[in-house]
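So the protein sequences, as listed, match chains A and B. Counted from 1, the first sequence has number 82 at position 82 by full-length UniProt numbering; the numbering is strictly sequential. Counted from 1, the second sequence has number 95 at position 95 by full-length UniProt numbering; the numbering is strictly sequential. Virtual Cβ for every residue (Gly too), placed ideally from N, Cα, C. These figures come from a predicted structure and were not determined experimentally.
There are 2 protein chains.
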Amino acid sequence: MDFKLETFLPYRLNLAAELVSQRFAAQYRARYRMTRPEWRALAALGSYGRMTATEIGANSSMHKTKVSRAVRALEEKRWLKRSEDLDDRRIEHLELTPAGRRIYGEMVVLAHDYERDLAGLLGAGGLRQLEAGLAAIEAKLAVPARRRAPKD
Amino acid sequence: MDFKLETFLPYRLNLAAELVSQRFAAQYRARYRMTRPEWRALAALGSYGRMTATEIGANSSMHKTKVSRAVRALEEKRWLKRSEDLDDRRIEHLELTPAGRRIYGEMVVLAHDYERDLAGLLGAGGLRQLEAGLAAIEAKLAVPARRRAPKD
DNA sequence: CTCAAGTGGTTGCAGATGTAACTGTCCATT
DNA sequence: AATGGACAGTTACATCTGCAACCACTTGAG
Chain A
1 MDFKLETFLP
11 YRLNLAAELV
21 SQRFAAQYRA
31 RYRMTRPEWR
41 ALAALGSYGR
51 MTATEIGANS
61 SMHKTKVSRA
71 VRALEEKRWL
81 KRSEDLDDRR
91 IEHLELTPAG
101 RRIYGEMVVL
111 AHDYERDLAG
121 LLGAGGLRQL
131 EAGLAAIEAK
141 LAVPARRRAP
151 KD
Chain B
1 MDFKLETFLP
11 YRLNLAAELV
21 SQRFAAQYRA
31 RYRMTRPEWR
41 ALAALGSYGR
51 MTATEIGANS
61 SMHKTKVSRA
71 VRALEEKRWL
81 KRSEDLDDRR
91 IEHLELTPAG
101 RRIYGEMVVL
111 AHDYERDLAG
121 LLGAGGLRQL
131 EAGLAAIEAK
141 LAVPARRRAP
151 KD
């Protein structure tokens with residue numbers, strides 16, 4: 001019956017994720033009144049350009065309702081605009097407005113700064129090990145990106 | 001302006017934490033209708049014995065309202081009992097009931113099984129690197145456990 | 001002894017979340 | 001054409017969460 005929460009991997013991983021995310025989230029929360037789903041959607045659109053809501057969800061691992069709400073919030077901030085697809089009217093294409101792209105640019109700077117800070121804190125070795133560990137998790141546990149209907 | 005969410009450390013860490021936690025959480029959710037705060041409180045009490053709510057919070061990194069609600073839930077399940085402190089009536093001591101200890105024992109088995117599974121999936125190397133990375137984060141970013149009022 | 005400040009714990013409230021159900025649209029089969 | 005299933009996206013609802021305010025109690029300064 002020897003068990004300690006403090007050494008339990010899921011717990012440690014959650015705690016570490018919170019520690020690392022919170023400090024960055026504090027910035028976009030304070031500066032831009034942005035939530036995490038909004039930041040993720042903004043980041044996806046900023047780096048890939050025009051996307052659909054479903055694609056944003058796949059790219060940033062968010063549930064479609066989260067994406068839907070984030071998109072609406074960004075739209076209300078006038079950082080994103082929707083446009084219809086002429087071939088398939090279920091789809092809507094999403095794209096950052098010039099204002100949205102400006103915010104994205106500022107956020108990218110903040111993100112790089114933050115990664116630099118982290119690298120300094122963790123040291124080259126710590127960072128490398130962390131990334132290797134994360135890569136192992138991603139390789140073994142990530143939901144395989146939707147397959148194109150193989151045989152079955 | 002090169003930035004990809006998929007390589008951003010806070011994002012990767014969150015995703016990894018979710019991947020690793022969800023599979024374990026699914027077990028106690030399904031088997032015992034337990035939430036994560038309840039599991040953490042149960043684990044703290046199970047491994048350390050009698051504690052106060054504040055101590056549980058410190059040990060499992062939970063906000064005091066989360067602890068308060070988790071404690072009430074465990075009490076309603078009859079897995080925990082409160083008792084008063086004779087010297088300081090603000091404090092309540094919390095302790096698992098025999099039923100609570102039984103559940104804790106079962107959970108410890110599940111937790112060990114899960115860690116074994118993870119170790120198998122990640123491989124010895126991956127696991128070791130991950131733990132080293134987490135240790136670096138904990139060392140540099142964790143909120144230092146409340147100090148005993150040094151000079152200042 | 002008294003009173004202000006601090007502490008342990010609870011609760012009201014507003015915001016965030018996932019599930020499931022829904023709308024509107026497309027497409028394959030008939 | 002008609003229809004049933006699949007899909008994009010939205011919404012209603014129940015639950016969870018953190019913050020701030022709160023209550024009861026303790027402590028220390030005067």
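Is there at least one Cβ from chain A nearer than 8 Å to K140/B's Cβ?
The count along the second sequence starts at 1 and reaches residue 140/B at position 140. So yes, K140/B belongs to the interface.
Excluding five sequence neighbours on each side, which residues of the same chain lie with their C-beta closer than 7 Å to the C-beta of E84/B?
Stepping through the second sequence from its first residue, residue 84/B is reached at position 84. Excluding positions up to five away in sequence, the list reads E92.
Evaluate the contact criterion for the stretch 12-24 of chain A versus the stretch 60-80 of chain A: three or more CB pairs, one atom per stretch, below 8 Å.
Touching, no, given that fewer than three Cβ pairs across the two stretches are closer than 8 Å.
Tell me whether the beta-carbon of L5/A lies closer than 8 Å to the beta-carbon of M51/A.
As a working mapping, residue 5/A is identified with position 5 in the first sequence. As a working mapping, residue 51/A is identified with position 51 in the first sequence. No; because the gap between Cβ atoms is not below 8 Å, this pair is not in contact.
Can you list, in chain order, the residues of its chain with a C-beta nearer than 6 Å to that of A132/B? Leave out the 5 residues immediately preceding and following it.
Counting from 1 along the second sequence, the entry for residue 132/B is found at position 132. Excluding positions up to five away in sequence, the list is empty.
Given M62/A, which residues of its chain have a CB within under 8 Å of its CB, disregarding the five upstream and five downstream residues?
For the purposes of this step, residue 62/A is identified with residue 62 of the first sequence, where counting begins at 1. Excluding sequence neighbours, M62/A sits near P37, R40, A41, I56 and A70.
Would you mind giving the Cβ-Cβ distance between R82/B and E75/B, rounded to the nearest angstrom? I have them listed as a contact below 8 Å.
The residue you call residue 82/B lines up with position 82 of the second sequence. The residue you call residue 75/B lines up with position 75 of the second sequence. At roughly 7 Å, the Cβ-Cβ gap stays under 8 Å, so R82/B and E75/B are in contact.
From the DSSP secondary-structure annotation, give me the bridge partner or partners of T52/B.
For the purposes of this step, residue 52/B is taken as the residue at position 52 of the second sequence. H93/B.
Assuming L9/B and V108/A make a contact with CB atoms under 8 Å, what is their CB distance in whole Å?
Sequence index remark: in the second sequence, residue 9/B carries index 9 (1-based). Sequence index remark: in the first sequence, residue 108/A carries index 108 (1-based). The pair is not a contact, with the Cβ atoms about 14 Å apart (cut-off 8 Å).
Flag L110/B as yes if its beta-carbon sits less than 8 Å from any beta-carbon of chain A, otherwise no.
Taking the first residue of the second sequence as 1, we reach residue 110/B at position 110. L110/B does not count as touching chain A.
Assuming L130/B and K140/A form a contact by the criterion Cβ under 8 Å, report the distance between their Cβ atoms to the nearest whole angstrom.
Position 130 of the second sequence, counted from the first residue, corresponds to residue 130/B. Position 140 of the first sequence, counted from the first residue, corresponds to residue 140/A. 11 Å between Cβ atoms; not a contact.
Measuring CA to CA, which of G120/B, A135/B and I103/B is closest to R33/B?
Locating residue 33/B in the second sequence gives position 33, counting from the first residue. Closest option to R33/B, Cα to Cα, is I103/B.
With a threshold of 16 other CB atoms inside 10 Å of the CB of K64/B, please say whether the residue is buried or exposed.
Within the second sequence, the letter at position 64 stands for residue 64/B. The residue is exposed, with fewer than 16 neighbouring Cβ atoms inside 10 Å.
In terms of residues, what are the limits of the beta strand (DSSP E) holding L86/A?
As a position in the first sequence, residue 86/A is number 86, starting the count at 1. From DSSP, L86/A is part of no beta strand (DSSP E); its letter is neither H nor E.
Identify whether D117/A lies in helix, strand or coil by the three-state DSSP scheme.
Position 117 of the first sequence, counted from the first residue, corresponds to residue 117/A. Three-state result, D117/A: helix.
What did DSSP end up calling A142/B once you bin it into helix, strand or coil?
Residue 142/B sits at position 142 when you count from the first residue of the second sequence. Coil, per DSSP.
Let me check understanding here. Comparing Cα to Cα, which of L86/A, K66/A and L80/A lies closest to T35/A?
The residue given as residue 35/A occupies position 35 in the first sequence. T35/A has its Cα closest to that of K66/A, out of L86/A, K66/A and L80/A.
Thinking C-beta only, is R128/A closer than 8 Å to A99/A?
Numbered from 1 along the first sequence, position 99 holds the residue referred to as residue 99/A. Numbered from 1 along the first sequence, position 128 holds the residue referred to as residue 128/A. No, the pair does not count as a contact, with Cβ atoms beyond the cut-off.
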